[in-house]
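Just so we're aligned: 315 in our numbering is position 289 of the sequence shown, and the numbers increase by one with no gaps anywhere. C-beta: ideal position from N, C-alpha, C; glycine also. The structure appears right after this line, and notes come after that.
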Amino acid sequence: MLRLTQFGVGFLDTFFDFLRKILENQPVFAGSRVSDCYLRHRLVKSEVSREPVWNENSIYCVTSVRSFLKIFKIIMLIFLLTSCLRSEENIFFSQIVNDSTISISNDTKLNINSNIEGAKIYLDDVFIGVCPLTDYNVQPGIYKISVTNPDERSWYSQPVIDSVKIRRGEVVTKFIELNNIYLISSQPSDADVFYKDSLIGRTPFVFYTESASEFITLKKDGYKDVELIVKNSSPNMYVLLELVNLVSNHTTSPYLSNDGTSLKLPVYIASGSAVIFGINAAWLKIKADSYYSDYQISGDKTILNKVKKYDKLSGISLVVCQLSSFLLAYLLLSN
């Protein structure tokens, strides 16, 4: 085909040159001077002043060749259209095969459960649901599974990461063991946290355990000991410590009345401020946790601003609560 393009300007004239060379060598056209009549015909078309020499055989030859070329062009167009239609059918058939393959792969399922109900599940870092997750349709392959604690405890936990290989038609079940997480706060803070007679930290304290319930003890000088039962149903615990009665017959605070039982105004203000701001700090923190859960789902930046706002207000309330507690302790212990 590359050689054919060297003869003429258009496809018709090029192919005409090719046929002329073939017909010159055929006995049936040996006496009709096909090449001569064709050459003269092209010269006339190009408006070159040369008289054409025609005879009956040459005119019949040129007419027959032109008719053949027209028929050949029609056949080529039909062939091209047929090829296009077949390619469309192949694409459609390929789509049907792909759809049927996907429907067959629906038999491949994944079940995930955990010791903590409501734990969040991520498959290849994409959130797919919470525990227990059953009959989740997947494609065959190797996946990374990440499971983390529910929203109210997700800030303090690291996800448990596992991998799973699933073959076509399999139903795979995975059980992920998570630690229970508890946030223990007290008013005043910095109270010692004892677990099984061992000091494990000071409030506010994040407590990790595999058990659904445990016993812990809070101790702080000048306050009564508090024994707590931490349960999975109450992950956030706030404890208001009770002061030990330090009043005796020999020493009384100048801020106490003569009978040693009634507190004067500064003590009322300090204790009331400590309680109010302590409760307010805990409430603001819980509110911030709630907004953070919404932000993880929606990704809305306005919700993230609310989280920062409530965290800041919670911190301020906690500072005021601490100052009030120190003032109250000073008033009660001073002579």
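Under 8 Å between C-beta atoms of residue i and residue j
i: Ser350; j: Ser316; result: no
i: Ile202; j: Val173; result: yes
i: Asp303; j: Val346; result: Note that residue 303 corresponds to Phe in the displayed sequence, not to Asp. Yes, Cβ-Cβ distance for Phe303 and Val346 is below 8 Å.
i: Ile171; j: Leu204; result: no
i: Asn139; j: Pro166; result: no
i: Gly227; j: Asp133; result: no
i: Val270; j: Leu358; result: no
i: Ile168; j: Lys191; result: yes
i: Ala217; j: Thr235; result: no
Which of helix, strand or coil DSSP assigns to residue i
i: Asp326; result: coil
i: Gln184; result: coil
i: Asp3; result: Residue 3 cannot be examined here, being either before or after the span of the chain that is shown, 27 to 361.
i: Asn206; result: strand
i: Lys332; result: helix
i: Lys257; result: strand
i: Thr108; result: helix
i: Lys191; result: strand
i: Asn306; result: helix
i: Ser360; result: coil
i: Val345; result: helix
i: Lys250; result: coil
i: Val232; result: strand
i: Val301; result: helix
i: Ser351; result: helix
i: Lys290; result: coil
i: Leu269; result: strand
i: Ser61; result: Its pLDDT being 45, under 50, Ser61 is placed unreliably in this model, and the coordinates cannot settle the point.
i: Pro78; result: Residue placement at Pro78 is poorly supported in this model, since its pLDDT is 44, which falls under 50; the coordinates still yield a value, given next. Residue state, collapsed to three classes: coil.
Of the listed residues the options, nearest to residue i (C-alpha basis)
i: Val219; options: Thr174, Leu244, Ala145; result: Leu244
i: Val156; options: Tyr321, Lys250, Asn137; result: Asn137
i: Ala308; options: Pro214, Leu204, Pro292; result: Pro214
i: Asn141; options: Tyr148, Pro176, Gly167; result: Pro176
i: Ala247; options: Thr134, Phe352, Cys347, Leu209; result: Going by the sequence as given, residue 247 is Asp instead of Ala. When each option's Cα is compared against that of Asp247, the closest is Phe352.
i: Leu310; options: Lys191, Ile100, Ser340, Gln322; result: Ser340
i: Ser344; options: Leu106, Ser212, Gly144, Val190; result: Correcting the residue type first, residue 344 is Leu in the shown sequence and not Ser. For the residues Leu106, Ser212, Gly144, Val190, the minimum Cα distance to Leu344 belongs to Ser212.
i: Phe231; options: Asp251, Gly325, Tyr208, Phe98; result: Tyr208
i: Val186; options: Asp151, Ile210, Val197, Ile168; result: Asp151
i: Glu143; options: Gln348, Asn206, Lys327; result: Asn206
i: Val265; options: Ile305, Leu291, Ser297, Tyr234; result: Ile305
i: Gln348; options: Thr108, Val301, Leu107, Phe98; result: Val301
Cβ shell of residue i (< 6 Å), same chain only, five flanking positions each side left out
i: Ala355; result: none
i: Ile329; result: Tyr317, Asp320, Tyr321
i: Asp161; result: Lys135
i: Tyr221; result: Ile242
i: Val197; result: Lys135
Cβ-based neighbour list, residue i, same chain, cut-off 7 Å, excluding 5 preceding and 5 following
i: Ile312; result: Asn262
i: Thr199; result: Asn137
i: Glu253; result: Phe241, Thr243
i: Glu268; result: Tyr249, Lys250
i: Ala314; result: Val333, Tyr336, Asp337, Ser340
i: Arg193; result: Pro166
i: Asp326; result: none
i: Ala296; result: Ser350, Leu353, Leu354, Leu357
Cβ-based neighbour list, residue i, same chain, cut-off 8 Å, excluding 5 preceding and 5 following
i: Ile154; result: Ile147, Tyr148, Tyr162
i: Ser239; result: Ile255, Val256, Lys257, Asn258
Checklist line | Completely contained beta strand (DSSP E) runs for the segment 128-165, where each covers 3 or more residues | finding: 135-140, 146-149, 152-156, 159-163
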